[in-house]
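Engineer: Counted the way the numbering used here counts, the sequence shown spans residues 2 to 459.
C-beta: ideal position from N, C-alpha, C; glycine also.
Computed from a predicted structure; not experimentally measured.
I'd like to ask you about the structure that follows.
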Amino acid sequence: MPTRREFLTQIAASAALTSAPVEALQSPTPAAQTTAAPRKSGIVQTVLGPIEASKLGFTLPHEHICVSSPGFWQAWPEFFGGRANFIRKVVDKLKAAKNEGVDTIVDVTPLDIGRDIRLLAEVSRQSGVHIVACTGHWLAPSLSMNARTAQELADFFVLEIERGIEDTGIKPGIIKVATDQEGVTPFLEKALRAAALASKATGIPVTTHTLAAARIGEKQADIFESEGLDPAMVCLGHCDDTDDMSYLTGLLKRGYTLGMDHMTWGLRNTIDSKILSWQQRAQCVKKLIEAGFGNQLFLSNDWYFGVSIAPTGTMDASEKNNPDGLLFNTRKTIPYLKELGVTDQQIRTITRDKPSAVPRLRLICWPKAAGVIAEPRVNLSRTTFRTSRPSCFAFISHPATHSIRVPCTFPVSKRPPISFLLYLLTLRHIQPRYNASFTLLTHSNHQNYSCGSGEKRS
Ligand SMILES: [Zn+2]
């Protein structure tokens, strides 16, 4: 008698060979992703545990608590005035930000620029500001990371997403990758491919650092698409460094979200006039909203409270240049956008609705016993698998039409019933209509899946 895994592998194999239509389904129409209204969906992992995406509130999707190097905090906390002092300073500033309406920040500081997950958890706990941490990789690989393959890097990202960061159990909510003036080096290409693989495997979105002057966003997009990653899962960062509308709208039309998230860098225009001022950046935001892309923009500061990768004194100089710190957008950019005629609702869309509506293809709690995961790709931008003992529920729906909904419930302790077999066939059937590929994989090497509520099952 076949084991359950063998059984399901056979089903998957036969589904791949079968073209039996499931006519009960309405025909989906092609996605109109650039115009679909943001929809709140999913659970987001914060450093204090999972929360409903709808609870994110006013969100700054590209910030840093501290930009450093791996091990630097442990070796030389005195550089930052000591850990307790630094935490006190950050908590004060985060509390002030919360008082002025900032609910959530996404800390896009991966391992190689000194991510300190316990520090993030502590300042979040004391300030009440939600912090979403990241896995992924920035521009500075250690020898150990440099020697890894794309698949190995993906495995590491997935490990952090599923197991948690280090031994804290704190899970990242986003995958950060970066490309800058050096272009797509062999290592950075591996990291980009790994981000795509890990995002597809886990449903965690991707956010990037780009150099707009070199049209790096396009190079990243090409790599993501070659790996079959849905552009709706990706925010290409630092796009406000350019006002080249052909570059920006080209990426938007491909389905990407653009991070207009370098706003405080506009203050450097007083030193270097080639840098766009923050007002020019805001004008560009307005133009993109007017062009109908208000659902595909993120607004952030790219602020930090400590930095050791730049000469000593950089933090003081930055604070002098931007006394508003994390509140720069709240106090300067948003009022200016309103002056330009951007409506409250349009601002709400980019600061609240959009961050909570990033598609999250969540593999919440697929029972290990089922031995199968479905790997959704391209356009299928909302797939949820849920289990709660003793039954498994899975459905898939399309963001534009909501026309595909295939519930399937079966007791995890028993062999899946015919409805589950139909579900597998359905995935197979809808796949060509979306120009998407669906792969059903046997899954044997992970002991636990994280659940929406944060519990673990094995
Ligand atoms: Zn940044």
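1) Between Asp241, Leu230, Glu226, which lies nearest to His210 when the distance is taken from Cα to Cα?
2) Measure from the alpha carbon of Ile176 to the alpha carbon of each residue in Thr169, Glu190, Asp108, then state which is nearest.
3) Within the present structure, is the beta-carbon of Val308 separated from the nearest heavy atom of ligand 1 by less than 8 Å?
4) Under the rule that 16 or more other beta-carbon atoms within 10 Å means buried, what is Gln297, buried or exposed?
5) With DSSP as the reference, label Ile335 as helix, strand or coil.
6) Give the secondary structure of Thr19 by DSSP, where H, G and I count as helix, E and B as strand, and everything else as coil.
7) Return yes when at least one heavy atom of ligand 1 lies under 8 Å from the C-beta of His65, else no.
8) Between which two residues does the beta strand (DSSP E) carrying Glu79 extend?
9) Is any heavy atom in ligand 1 found nearer than 8 Å to the beta carbon of Val109?
10) Per DSSP, what kind of secondary structure is Ser28 in: helix, strand or coil?
11) Straight-line CA distance for Arg89 to Ser274?
12) Count the other CB atoms within 10 Å of the CB of Ile272; is the residue buried (16 or more) or exposed (fewer)?
13) Quick check on Val68: buried or exposed, where buried means 16 or more other Cβ atoms within 10 Å of its Cβ?
14) Under 8 Å from any heavy atom of ligand 1, does the C-beta of Gly238 make it?
15) Report the option in Phe80, Gly137, Asp168, Asn86 whose CA atom is closest to the CA atom of Arg119.
16) To the nearest angstrom, how far is it from the Cα of Thr150 to the Cα of Lys355?
17) Can you tell me where the beta strand (DSSP E) holding Leu268 begins and where it ends?
18) Looking at the structure shown, is Cys135 part of a helix, part of a strand, or coil, going by DSSP?
19) Run through DSSP, which three-state label would Asn380 get?
20) Is any heavy atom of ligand 1 found at a distance shorter than 8 Å from the C-beta of Asp303?
21) According to the neighbour-count rule (16 or more other Cβ atoms, all chains shown, within 10 Å of its Cβ), is Ser1 buried or exposed?
22) Going by DSSP, what residue range makes up the alpha helix (DSSP H) through Lys288?
23) Give me whichever residues DSSP pairs with Val107 in a beta bridge.
24) For Arg126, does the count of other Cβ atoms within 10 angstroms reach 16, so buried, or fall short, so exposed?
25) What's the C-alpha gap between Arg269 and Lys96?
26) Give the C-beta separation of Ala98 and Leu328 to the nearest angstrom, bearing in mind that I take them to be a contact with Cβ-Cβ under 8 Å.
27) Measuring from the CB of His138, is there a heavy atom of ligand 1 at a distance below 8 Å?
28) Please confirm whether any heavy atom of ligand 1 lies closer than 8 Å to the CB of His131.
29) Against chain D, with Cβ distances strictly below 9 Å, would Arg353 count as a contact?
30) Determine, using beta carbons only, whether Pro62 and Asp262 come nearer to each other than 9 Å.
31) Under the rule that 16 or more other beta-carbon atoms within 10 Å means buried, what is Leu253, buried or exposed?
32) Just how far apart, CA to CA, sit Glu1 and Gln152?
33) Are Gly503 and Thr258 touching if we call contact CB-CB under 9 Å?
34) So, for Pro78: in the same chain, excluding its five sequence neighbours on each side, which residues have a beta-carbon less than 6 Å away from its beta-carbon?
35) By Cβ distance below 8 Å, which residues in the same chain neighbour Leu341 in space, the five residues on each side in sequence not counted?
Structural biologist: In short, the structure shows the following:
1) Locating residue 210 in the sequence shown gives position 209, where the first residue counts as 1. Residue Asp241 is the option with its Cα nearest to His210.
2) As a position in the sequence shown, residue 176 is number 175, starting the count at 1. Ranking Thr169, Glu190, Asp108 by CA distance to the CA of Ile176 puts Asp108 first.
3) To locate residue 308, count along the sequence shown from 1; it is residue 307. Not under cutoff, so the answer is no.
4) In the sequence shown, the residue the question calls residue 297 occupies position 296. By the 10 Å Cβ count, Gln297 comes out buried.
5) Against the sequence shown, residue 335 aligns to sequence position 334. In the structure shown, Ile335 adopts helical secondary structure according to DSSP, grouped into three states.
6) Stepping through the sequence shown from its first residue, residue 19 is reached at position 18. With a pLDDT of 27 at Thr19, under the threshold of 50, the modelled position of this residue cannot be trusted; read the value that follows with caution. Residue state, collapsed to three classes: coil.
7) Numbered from its first residue, the sequence shown carries residue 65 at position 64. Yes, the Cβ of His65 comes within 8 Å of a heavy atom of ligand 1.
8) Taking the first residue of the sequence shown as position 1, residue 79 is located at position 78. It is not in any beta strand (DSSP E) - Glu79 carries neither H nor E in the DSSP assignment.
9) Within the sequence shown, numbered from 1, the residue matching residue 109 stands at position 108. The answer is yes for Val109.
10) Within the sequence shown, numbered from 1, the residue matching residue 28 stands at position 27. Per-residue confidence for Ser28 stands at a pLDDT of 29, beneath the threshold of 50, marking its modelled position as unreliable; the derived number appears in the next sentence. DSSP places Ser28 in coil when its eight states are reduced to three.
11) To locate residue 89, count along the sequence shown from 1; it is residue 88. To locate residue 274, count along the sequence shown from 1; it is residue 273. Pairing Arg89 with Ser274, the inter-Cα distance amounts to about 36 Å.
12) On the sequence shown, residue 272 is found 271 positions in, with the first residue counted as 1. Its Cβ having fewer than 16 others within 10 Å, Ile272 is exposed.
13) Counting from one through the sequence shown, the residue named residue 68 turns up at place 67. The residue is buried, with at least 16 neighbouring Cβ atoms inside 10 Å.
14) The residue labelled residue 238 in the question sits at position 237 within the sequence shown. Yes, Cβ of Gly238 sits closer than 8 Å to a heavy atom of ligand 1.
15) Working through the sequence shown from its first residue, we reach residue 119 at position 118. The shortest Cα separation from Arg119 among Phe80, Gly137, Asp168, Asn86 belongs to Asp168.
16) Residue 150 sits at position 149 when you count from the first residue of the sequence shown. Residue 355 sits at position 354 when you count from the first residue of the sequence shown. Cα to Cα, Thr150 sits roughly 33 Å from Lys355.
17) Counting from one through the sequence shown, the residue named residue 268 turns up at place 267. Leu268 -> no beta strand (DSSP E), and no H or E assigned at all.
18) Counting from 1 along the sequence shown, the entry for residue 135 is found at position 134. Three-state result, Cys135: strand.
19) Reading the sequence shown from its first residue, position 379 is the one you call residue 380. Because the pLDDT of Asn380 is 28, which lies under 50, any placement of that residue in the model is unreliable, and the question is left without a value.
20) Locating residue 303 in the sequence shown gives position 302, counting from the first residue. Because some heavy atom of ligand 1 lies under 8 Å away, the Cβ of Asp303 counts as near it: yes.
21) Because residue 1 is not part of the residues shown, which for the chain are 2 to 459, the question remains open.
22) Indexing the sequence shown from 1 puts residue 288 at position 287. Lys288 -> alpha helix (DSSP H) spans 279–289.
23) Working through the sequence shown from its first residue, we reach residue 107 at position 106. According to DSSP, which records beta bridges pairwise, Val107 is partnered with Val133.
24) What you label residue 126 is simply residue 125 of the sequence shown in a count that begins at 1. Exposed.
25) Here residue 269 refers to the residue found at position 268 when the sequence shown is read from its first residue. Here residue 96 refers to the residue found at position 95 when the sequence shown is read from its first residue. Approximately 26 Å, taken between the alpha carbons.
26) One-based indexing of the sequence shown puts residue 98 at position 97. One-based indexing of the sequence shown puts residue 328 at position 327. Taking 8 Å as the upper bound for CB-CB distance, Ala98 and Leu328 are in contact here, some 6 Å apart.
27) Translated into the one-based positions of the sequence shown, residue 138 becomes position 137. Checking the Cβ of His138 against ligand 1 gives no.
28) In the sequence shown, residue 131 corresponds to position 130, counting from 1. False, no ligand heavy atom lies under 8 Å from that Cβ.
29) You won't find chain D in this structure, because it holds only one protein chain.
30) Along the sequence shown, read from residue 1 onward, the residue named residue 62 stands at position 61. Along the sequence shown, read from residue 1 onward, the residue named residue 262 stands at position 261. Taking 9 Å as the Cβ cut-off, Pro62 and Asp262 qualify as a contacting pair.
31) Counting from one through the sequence shown, the residue named residue 253 turns up at place 252. Leu253 is buried by the Cβ-count criterion.
32) For residue 1 there is no data in the structure shown, the boundaries of the chain being 2 and 459.
33) With the chain covering 2 to 459 only, the question about residue 503 has no answer from this structure.
34) The sequence position of residue 78 within the sequence shown is 77, counting from 1. So the list reads Arg84, once near-sequence residues are dropped.
35) As a working note, residue 341 is residue 340 in the sequence shown. Taken in chain order, the residues that qualify are Ala283, Gln284, Lys287.
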